[in-house]
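Protein chains in written order, with this note's numbering: chain A, 302 to 422; chain B, 302 to 422. Input: a single structure, listed below in C-alpha cells.
Number of protein chains: 2
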Amino acid sequence: MLIFLNIAKALSDENRVRALMMLSRGELCVCQLIEMLGLAPSTVSKHMSILRQARLVRARKEGRWMYYSLPDEDAPRCVLEAVQWVQNAIAKDKQIVADGKQVKRVSKLDRDKLCACYKKG
Amino acid sequence: MLIFLNIAKALSDENRVRALMMLSRGELCVCQLIEMLGLAPSTVSKHMSILRQARLVRARKEGRWMYYSLPDEDAPRCVLEAVQWVQNAIAKDKQIVADGKQVKRVSKLDRDKLCACYKKG
DNA sequence: CCTATACTTCGTCATATAACGAAGTATACA
DNA sequence: TGTATACTTCGTTATATGACGAAGTATAGG
C-alpha cells in the first residue's frame, strides 16, 4: 500500500508529472529540467527525489552531472503500469506537448549556456 | 492535465483508496463505508465527493441512501485505466484483503444496526 | 590544494489537505 | 406536519506539501 501511495502522491503534482514526461525521449540532467520547469534548483532536486523514491525515475551520476531517466522493464509492474497510465492520459495535453518541444530545444543547447540557470538568481 | 491530477490526488490518500477498493464487489451506501473505515460521517462524505469529482466513483441516490459504485465502461479511458492500475497494484495488500472481508460482513448486517454509526458519537 | 560547478539538504514560509463536530438539507414515516 | 434518518456542507484545527534561498557535498579543472 505504501509503495502504491508513494507513486500516487508523486504523480499528484503538475511539475513532477511534467518532469516525468520530459524524460520520455531519453535521460536528462537536472539543469535541463530546471531550465524547462522554470523552478529553483532546490525545488527541482526535491521533486526528482520524490519521483525517485517512488521508483518512477532512475538516477545515474556522471561526473558532476546527475541524469534522470524513466524506469526500465525490470521495474516493478506497479511502476510500469503507472508510467503507462500517465503517458496515455496526458500525452496530448497542451503543456506536455509544449514541453516536448522544449526538450528538443534544450537538448541542442551547449551545456555552458544551459547551466546559466544557476547564474540567474 | 487537471483531470489527470484530480485522479492522482484522489488516489493519494489511503482511506480513499480503501473506499474505492471496497466497491469492487458492488455498490455500497455511505453508512457502510463509515462503518468499515471507522471515520466520521462528514470525513467519509468528503472523501467520496473527491473520488466522485475525479470520476472514480458514481453516485446514485435512492430514498435517504446514497450508493456509490465503481465507474462503468462508458467512463473516460483515463479513469478506467486508473482503476485497473489501483486494483492490480494493491489487490493483495493486507489492509485491502481485510477490507474485502469487512465488505462481506457489513453487507449481511441489518441496516438499522449498521447505521448505528451515527448514534455512537 | 583551491576554486567553480552541479547538484542536494536544510530551514522557513505560505498554502493545501484531512480530520472532527456542528449546522444544514433532503427524504421517509408517524 | 412534525420528527427521525442519512447524508452533506461549513468552520476549525493540526499536519503535509511546495516554493525559495542559504548552506552543505561531491567532482572537475587549474
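C-beta atoms are modelled at their ideal positions from N, C-alpha and C, and glycine is treated no differently.
- Residue 362 of chain A carries a strand assignment under DSSP once its states are collapsed to helix, strand and coil.
- The beta carbon of residue 322 of chain A lies closer than 6 Å to those of 397 in the same chain, with the five residues before and after it left out.
- Residue nearest to residue 312 of chain B within the set B:331, B:333, B:372, B:348 is B:348 (criterion: CA-CA distance).
- Interface with chain B (9 Å Cβ-Cβ cutoff): residue 375 of chain A is excluded.
- Assigned with DSSP and collapsed to three states, residue 313 of chain A falls in coil, not helix or strand.
- Pairwise C-beta distances place the segment 329-337 of chain A in contact with the segment 362-373 of chain A, as three or more of them are shorter than 8 Å.
- Assignment of residue 329 of chain B by DSSP, reduced to helix, strand and coil, places it in the strand class.
- Listed along chain A are 386, each with a C-beta nearer than 7 Å to that of residue 383 of chain B.
- Residue 312 of chain A has a beta carbon lying within less than 9 Å of a beta carbon in chain B.
- Within the same chain, 368 come within 6 Å of residue 361 of chain A by CB-CB distance, once the 5 residues on both sides are set aside.
- With three or more CB-CB distances shorter than 8 Å, the segment 374-383 of chain A counts as touching the segment 343-359 of chain A.
- In the three-state DSSP reduction, residue 302 of chain B falls in the coil class, being neither helix nor strand.
- Counting the other CB atoms within 10 Å of its CB gives residue 399 of chain A a total below 16, which places it among the exposed residues.
- Under the DSSP assignment, residue 390 of chain A falls in the alpha helix (DSSP H) whose first and last residues are 378-391.
- The beta carbon of residue 392 of chain A is closer than 7 Å to none in its chain, skipping five residues each way along the sequence.
- Classified as buried, residue 336 of chain A has 16 or more neighbouring CB atoms from the shown chains inside 10 Å of its CB.
- At a cut-off of 9 Å between C-beta atoms, residue 378 of chain B counts as an interface residue with respect to chain A.
- Bridge pairing for residue 419 of chain A: absent [DSSP].
- Taking all protein chains shown into account, residue 406 of chain B has fewer than 16 neighbouring C-beta atoms within 10 Å of its C-beta and is therefore exposed.
- Contact of residue 337 of chain B with chain A is not assigned, every C-beta pair being separated by 9 Å or more.
- Contact between residue 382 of chain B and residue 306 of chain A is ruled out by a C-beta separation of about 18 Å, above the 8 Å threshold.
- Burial of residue 309 of chain A is indicated by the presence of at least 16 other C-beta atoms within 10 angstroms of its C-beta.
- Interface with chain B (9 Å Cβ-Cβ cutoff): residue 352 of chain A is excluded.
- Rounded to the nearest whole angstrom, the CA to CA distance from residue 371 of chain B to residue 351 of chain A is 30 Å.
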